[in-house]
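The block underneath contains the structure these notes are about, expressed in structure tokens.
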Amino acid sequence: MSEVVKKPVQITETILRDAHQSLIATRMTTEEMLPAVPMLDEIGYRAVECWGGATFDAALRFLHEDPWIRLRKFKEGFKKTKLQMLFRGQNILGYKPYPDDVVEYFVQKSVANGIDVIRIFDCLNDLRNLKTAVDAAKKEGAEAQIALSYTLGDAYTLDYWTTMAREIEEMGADSICIKDMAGLLVPKAATELVTALKAGSSLPIEMHTHYTSGCASMTYMKAVEAGADILDCAISPFALGTSQPATEVMVEAFRGTEYDTGLNLDKLAKIADYFRPIREKYLENGLMNPKNMGVNIKTLQYQVPGGMLSNLTSQLAQQHAEDKFYEVLEEVPRVRKDMGDPPLVTPSSQIVGTQAVMNVLTGKRYMVVPQETKDMFLGRYGKSTKPFDPEIQKQVIGNETPITCRPADLLEDKLPEYEEAISSYKKMDEDVLTYALFPQVALDYFKYRDAQETGVDAASADAENKAYPV
Ligand code: CO
């Protein structure tokens, strides 16, 4: 009798980052998370994704929480499990490219405060935008994972993905993630994609998808059969809909097979028990919308990420132009084509979406052009997969000359300037990074923090601090 070769699949748990980012607008508080930490630490996850992405901005902006303090608390609680963050390449956790000194310092402080795995992606899949972050992660002793933003279009052939995988390995990354932010990856395509990545590289392959289109767990099954090593899952009360497949379900689906994760269902069920009342709370207060819990087939039909659909809806609502929704949805692929068919992920998704809205509302394409659109056509976000439409580019940038180098090569170091700007508020080294990314939100938070410490209420502290020009 021949022995079956075991190829256990590993699980990365997203409950502390993407699951609540996707389902409740990133509003879960540190206080709600911490009681689950000892339970999560006992599971044997490959990693727990707990930081980065939108959590940094949302913690400061909406929860009056310092994201660095949250990370330190995770590090105190997790004794055995690797902590993972999501990093937007040269855009760090923001929406535009930052100079190298800021990227390097951010990576250094993230690792110093507890991050083990840094998942780095670029909204154009321009690997030049990942180099500084990857090198910094390696230097700090962290695992550098490069995530490819998955998208569709005639430029994205299997050869394209194989070549990307080869180049990622050559860059010195430790693993590759397929980041299917929109849930576009259908099962058959997953088989082909994982096979293509394996042909280009021998690095471990991690799958990240969203349940938006209803395909996700079938896609995972096929990806694993094709050789994927790690799956991103969310504990069941915060799974499905616009979030990830449920951890417990994927664990049981592979039980007894050669891919058996070996994870304990009873222990997972206790974590689900803990998060179920938190889910109920957010359903009751309306932050979790049952509308996002079903299948949204528009995402496959229009190839637009779920988050982008809801942004378009709210942008149109603000203009009292809800009736233009389908016109905008049809304009999105045209704008994307003009911009060289980029993946749609932060920040390219916002740039394409906003331009599509403007084109429809003004009735004349590119009559109104935000600076971000101009920067995109000037090459300031990086190199697009296909060339820009030359006529549209000319119309948008006029006589300006587009750049072809790595965008951050043109950015001067900024840390000393930021240090000076916040010197009167600074309580810890990381404050300068918080300010670098979100200046206004950071200042509001620093004032709130000062007020908490001195017992002065935030409103009067705000009035006093207006005297300081920062
Ligand atoms: Co995601």
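With the sequence shown counted from 1, adding 389 to any position gets you the working numbering. Virtual Cβ for every residue (Gly too), placed ideally from N, Cα, C. Remember, predicted model here, so these are calculated numbers, not experimental data.
Quiz item: What is the DSSP secondary structure of Lys-772, reduced to helix, strand or coil?
Solution: When DSSP states are grouped into helix, strand and coil, Lys-772 belongs to the coil group.
Quiz item: Under 7 angstroms from any heavy atom of the ligand CO, does the C-beta of His-453 make it?
Solution: False, no ligand heavy atom lies under 7 angstroms from that Cβ.
Practice problem: Report whether the distance from the Cβ of Asp-802 to the nearest heavy atom of the ligand CO is below 7 angstroms. | Solution: Result no, Cβ not under 7 angstroms from the ligand CO.
Quiz item: How about His-597: is its Cβ closer than 7 angstroms to a heavy atom in the ligand CO?
Solution: Placement of the Cβ of His-597 at a distance of less than 7 angstroms from at least one heavy atom of the ligand CO is found.
Quiz item: Under 7 angstroms from any heavy atom of the ligand CO, does the C-beta of Met-697 make it?
Solution: No, Cβ of Met-697 sits at least 7 angstroms from all heavy atoms of the ligand CO.
Quiz item: Among Gly-651, Asp-455, Phe-476, which one has its Cα closest to the Cα of Pro-736?
Solution: Ranking the options by Cα distance to Pro-736, first place goes to Phe-476.
Quiz item: Nearest-angstrom Cα distance between Lys-568 and Trp-550?
Solution: Looking at the backbone, the Cα of Lys-568 and that of Trp-550 are separated by about 12 angstroms.
Exercise. Specify, as a first and last residue, the run of the alpha helix (DSSP H) that His-599 falls within.
Key: Run containing His-599: none; DSSP gives neither H nor E here.
Exercise. Could you please give the first and the last residue of the uninterrupted alpha helix (DSSP H) stretch that includes Lys-587?
Key: 576-589 is the span of the alpha helix (DSSP H), which, as asked, contains Lys-587.
Self-check item: Straight-line Cα distance separating Ala-585 from Asp-548
Solution: One C-alpha to the other measures close to 7 angstroms.
Practice problem: Take Glu-801 as the anchor and find which of Asp-489, Glu-808, Thr-646, Tyr-755 has the nearest alpha-carbon. | Solution: The candidate whose alpha carbon is nearest that of Glu-801 is Asp-489.
Practice problem: Buried or exposed for Ser-883, please, with buried defined as at least 16 other CB atoms from any protein chain shown within 10 angstroms of its CB. | Solution: The chain is shown from 390 up to 859; residue 883 falls before or after that span and cannot be answered.
Quiz item: Nearest-angstrom Cα distance between Lys-772 and Lys-520?
Solution: Cα to Cα, the separation comes out at about 14 angstroms.
Quiz item: What do you reckon, is the C-beta of Asp-446 under 7 angstroms from a heavy atom of the ligand CO?
Solution: Here the distance from the Cβ of Asp-446 to the nearest heavy atom of the ligand CO is not below 7 angstroms.
Quiz item: Taking the alpha-carbon positions, what's the Lys-395 to Phe-627 distance?
Solution: Taken atom to atom, the span from the alpha-carbon of Lys-395 to that of Phe-627 is near 30 angstroms.
Self-check item: Cα-Cα separation between Lys-775 and Asp-511, rounded to whole angstroms
Solution: Roughly 16 angstroms between the two C-alpha positions.
Quiz item: Could you give the C-beta distance for Tyr-562 and Ile-535, rounded to a whole number, given that I count them as a contact under 8 angstroms?
Solution: Correcting the residue type first, residue 562 is Ala in the shown sequence and not Tyr. At roughly 4 angstroms, the Cβ-Cβ gap stays under 8 angstroms, so Ala-562 and Ile-535 are in contact.
Quiz item: Using CA coordinates, which residue listed in Gly-442, Ala-623, Ala-578 is at the minimum distance from Tyr-434?
Solution: Nearest option by C-alpha distance: Ala-623.
Quiz item: Rounded to the nearest angstrom, how far is the Cβ of Ile-509 from that of Ala-533, given a contact under 8 angstroms?
Solution: Their Cβ separation, rounded to whole angstroms, is 7 angstroms, which keeps Ile-509 and Ala-533 in contact under 8 angstroms.
Exercise. With a cut-off of 8 angstroms on the beta carbons, I'd call Leu-629 and Tyr-600 a contact; round off their distance for me.
Key: Indeed they touch by this definition, with Cβ atoms about 5 angstroms apart.
Exercise. Within the same chain, show all residues whose beta-carbon is closer than 8 angstroms to that of Ala-588, passing over the 5 residues directly before and after it, in chain order.
Key: Counting only Cβ-Cβ distances below 8 angstroms, and skipping sequence neighbours, we find Thr-551, Ala-554.
Quiz item: CB of Asp-407 to nearest heavy atom of the ligand CO: below 7 angstroms?
Solution: Answer for Asp-407: yes, Cβ within range of the ligand CO.
Quiz item: My guess is that Arg-450 and Val-749 are in contact by the Cβ rule of under 8 angstroms, so how many angstroms apart are they, rounded?
Solution: With 8 angstroms as the limit, Arg-450 and Val-749 do not qualify as a contact, their Cβ atoms being about 29 angstroms apart.
Exercise. Using the Cα positions of Glu-853 and Val-757, report the straight-line distance between them to the nearest angstrom.
Key: Low confidence applies here, because Glu-853 scores a pLDDT of 40, under 50, leaving its location unreliable and the question unanswered by this model.
Practice problem: Go ahead and label Asp-798 buried or exposed: buried means 16 or more other beta carbons lie within 10 angstroms of its beta carbon, across all protein chains shown. | Solution: Counting the other CB atoms within 10 Å of its CB gives Asp-798 a total below 16, which places it among the exposed residues.
Quiz item: What residues match up with Ala-569 in a beta bridge as DSSP calls it?
Solution: Rather than Ala, the amino acid found at residue 569 in this sequence is Asp. The secondary-structure analysis by DSSP pairs Asp-569 across a beta bridge with Thr-598.
Exercise. Answer yes or no: the CB of Met-570 versus the heavy atoms of the ligand CO, is any distance below 7 angstroms?
Key: Under cutoff, so the answer is yes.
Quiz item: Helix, strand or coil: which one does DSSP assign to Asp-455?
Solution: The answer is coil: DSSP assigns Asp-455 none of H, G, I, E or B.
Practice problem: Name the residue from Glu-719, Val-398, Ala-706, Ser-499 whose alpha carbon lies nearest to the alpha carbon of Asp-618. | Solution: The shortest C-alpha separation from Asp-618 is found at Val-398.
Self-check item: Status (buried if at least 16 other CB within 10 Å, exposed otherwise) for Tyr-715
Solution: Classification for Tyr-715: exposed.
Self-check item: For Leu-652, the three-state DSSP class (helix, strand or coil)
Solution: Taken through DSSP and simplified to helix, strand or coil, Leu-652 comes out as coil.
Practice problem: Keeping to the same chain, check which residues put their C-beta closer than 7 angstroms to that of Arg-893; ignore five residues upstream and five downstream. | Solution: As displayed, the chain neither begins before 390 nor continues past 859, which places residue 893 out of reach and without an answer.
Quiz item: Mind pulling the alpha helix (DSSP H) runs of 4 or more residues that sit fully within the stretch 677-728?
Solution: Listed in chain order, they are 687-691, 695-707, 714-727.
Self-check item: Cα-Cα separation between Ser-499 and Ile-481, rounded to whole angstroms
Solution: Linking Ser-499 to Ile-481 through their CA atoms gives a straight-line distance of about 11 angstroms.
Quiz item: Buried or exposed: where does Lys-795 fall if 16 or more other Cβ atoms within 10 Å of its Cβ makes it buried?
Solution: In the sequence under discussion, the amino acid at residue 795 is Arg, which differs from the Lys named in the question. By the neighbour-count rule (16 or more Cβ atoms within 10 Å), Arg-795 is buried.
Practice problem: With a threshold of 16 other CB atoms inside 10 Å of the CB of His-709, please say whether the residue is buried or exposed. | Solution: It counts as exposed.
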